[in-house]
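First up is the structure itself, then whatever we jot down about it.
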Amino acid sequence: MVTLRRLCILQQPQGFADPQKPNHVCLLHKFLYGLKQDPRMLGFQGSKTDPSLFIYSSGGTLLYMLVYVDDIILTGNNQRAIDNIVHHLGRTFPIQDMGKLSYFLGIEIGADILLSQQKYILELLQKAGLSDAKPVSSPIFTSVYLALNDISLFDNPVKYRQVVGALQYATLTRPDITYAINKVCQFMHSPTENHWSTVKRILWYLKGTVSRSLLIQQQSSHLLHAYADLTHNSLSAFSDTDWAGCPDDRRSTWGYAIYLGSNLVSWSRIKGVSIKDDLHALDSSTKKGTI
Numbered sequence: 001m002v003t004l005r006r007l008c009i010l011q012q013p014q015g016f017a018d019p020q021k022p023n024h025v026c027l028l029h030k031f032l033y034g035l036k037q038d039p040r041m042l043g044f045q046g047s048k049t050d051p052s053l054f055i056y057s058s059g060g061t062l063l064y065m066l067v068y069v070d071d072i073i074l075t076g077n078n079q080r081a082i083d084n085i086v087h088h089l090g091r092t093f094p095i096q097d098m099g100k101l102s103y104f105l106g107i108e109i110g111a112d113i114l115l116s117q118q119k120y121i122l123e124l125l126q127k128a129g130l131s132d133a134k135p136v137s138s139p140i141f142t143s144v145y146l147a148l149n150d151i152s153l154f155d156n157p158v159k160y161r162q163v164v165g166a167l168q169y170a171t172l173t174r175p176d177i178t179y180a181i182n183k184v185c186q187f188m189h190s191p192t193e194n195h196w197s198t199v200k201r202i203l204w205y206l207k208g209t210v211s212r213s214l215l216i217q218q219q220s221s222h223l224l225h226a227y228a229d230l231t232h233n234s235l236s237a238f239s240d241t242d243w244a245g246c247p248d249d250r251r252s253t254w255g256y257a258i259y260l261g262s263n264l265v266s267w268s269r270i271k272g273v274s275i276k277d278d279l280h281a282l283d284s285s286t287k288k289g290t291i
């Protein structure tokens, strides 16, 4: 057990309170599972931008631990330190070392860092009954008109919500469908036949591009970047917005994309709330790129 570096007191646990000293508190000598400072007991610091990421940096050793419930990714530049962490965790919890990372939370991971949801998308196509659909070249028409009061209502709104919700998860590795998904998400409460037709087109597009993946390269050539004058380790952000594009409330839709060299590391598409959407878009993308 690791000794606490700071004073930590807690209330007497229910069922174990001392009846002779009901107003006393307990002084904690060792760290306890669930404490806010637990990661620091092992030398890790929480990331400022991702609450699930913990970073260890000491004496040239750099480790990254990503935790999602009971699924953990641990990587770094010191194999002995990694083995020590795994051994330490294994003494406290029953764990299973899955070896080299190949699959995590529905995402297939390959050489360099190749993130693919091919299996997930194929299963989604099967559930939607579109496994044999004919592929199309784009996820949505640029001139498509989607509105709340749009022809007849779709007769299976539950299916609409299930499919669109599943498509949202696919945007983790498919930024090319982010805009289209943002559009169809706006009609979850009352989808129409036209909205469902748009959802099916997204699925048809995924059918033809199911093998596309998100590649994060260890060493990226700046020649692959959209702007060839940027060096391989530069950070750049791009932001854009339409102008009152929604026919129902005239709100704008804005988005951003952030690159580290040629690697796309963060992106989003959001429906705005005011006429200042251009400034909101620029402000948000700047924060994402600098935090």
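So the sequence shown is residues 1 to 291, counted in the UniProt record's numbering.
Built from N, CA and C at the ideal position, the CB exists for glycine as well.
As the structure is a prediction and not an experimental result, all values here were calculated from the model.
Just curious, the alpha helix (DSSP H) that ASP83 is in, first and last residue? 79-92
Quick check on the DSSP output: what are the complete beta strand (DSSP E) runs of length 3 or more inside the stretch 88-175, in order along the chain? 107-110, 113-116
Excluding the 5 residues flanking PRO13 on each side, which residues of the same chain have their C-beta closer than 7 angstroms to its C-beta? none
Give me the residue from GLN20, VAL25, PRO19 with the minimum Cα distance to LEU10. VAL25
In whole angstroms, what is the alpha-carbon distance linking TYR179 and PHE154? 22 angstroms
Quick check: the Cα distance between CYS185 and LEU125, rounded to an integer number of angstroms? 18 angstroms
Can you give me the C-alpha to C-alpha distance between ALA17 and SER234, rounded to a whole angstrom? 57 angstroms
On the criterion of 16 or more Cβ atoms from any shown chain inside 10 Å, does GLY99 qualify as buried, or is it exposed? exposed
Please confirm whether TYR160 has its beta-carbon closer than 8 angstroms to some beta-carbon of chain D. Within the model displayed, chain D is absent; a lone protein chain is all it includes.
In whole angstroms, what is the alpha-carbon distance linking PRO139 and THR61? 44 angstroms
Per DSSP, what kind of secondary structure is TRP267 in: helix, strand or coil? strand
As a quick exercise: from GLN20, LEU35, ASN23, pick the residue whose alpha carbon is nearest that of LEU7. LEU35
Since I believe GLN96 is in contact with VAL210 (beta carbons under 8 angstroms), could you give me their beta-carbon distance rounded to a whole number of angstroms? Not confirmed; about 30 angstroms, so no contact.
Per DSSP, cross-strand counterpart(s) of MET188: Beta-bridge pairing links MET188 to no other residue.
Report the option in TYR56, HIS88, PHE93, LEU89 whose CA atom is closest to the CA atom of THR75. TYR56
Kindly list the residues whose CB is nearer than 6 angstroms to the CB of PHE238, restricted to its own chain and excluding five residues on each side of it in sequence; keep chain order. ALA257
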